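Under this note's numbering, the first residue of the sequence shown carries the number 3, and numbering increases by one thereafter. Before any comments, here is the structure.
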Amino acid sequence: MGILRDHPATAGELADALPIARPGVSRHLRVMREAGLVEVRQDAQRRIYSLRPEALVEVDEWLEDYRALWQNRLGALHTEIARGK
């Protein structure tokens, strides 16, 4: 959620900015919280969500092997297309 990259937000603020119904936003936030990607704090009756950058670094490191694999495969595909095959 790009909004959370810029600043903490409530579920309502996210729902207003996204083409997803509020229940869907809440489900996404729950999954992200359970995965450790966001943290939540109470502010009176509101829950404020923010990204956990350290968790995103872990995800990026995990994806690195896959990124390298796909870059190699896509590079080979580009070569074959350039050869006219």
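All residues carry an ideal CB built from backbone N, CA and C; glycine is no exception. Given the structure is predicted, the values throughout are model-derived calculations rather than measurements.
Beta-carbon gap between residue i and residue j smaller than 8 angstroms
i	j	result
Y51	A11	yes
R35	V27	no
R155	V33	Here the chain covers residues 3 to 87 and nothing more, so residue 155 does not appear.
R29	A13	no
Residue range of the unbroken alpha helix (DSSP H) whose run includes residue i
i	result
L16	13-19
V31	What sits at residue 31 in the sequence shown is Leu, not Val. That run of the alpha helix (DSSP H) goes 24-36.
L6	4-8
Helix, strand or coil at residue i [DSSP, three-state]
i	result
R85	coil
Q47	coil
L53	strand
Proximity winner among the options, relative to residue i (alpha-carbon distances)
i	options	result
R48	L58, L65, E15	E15
G38	V61, E82, L76	V61
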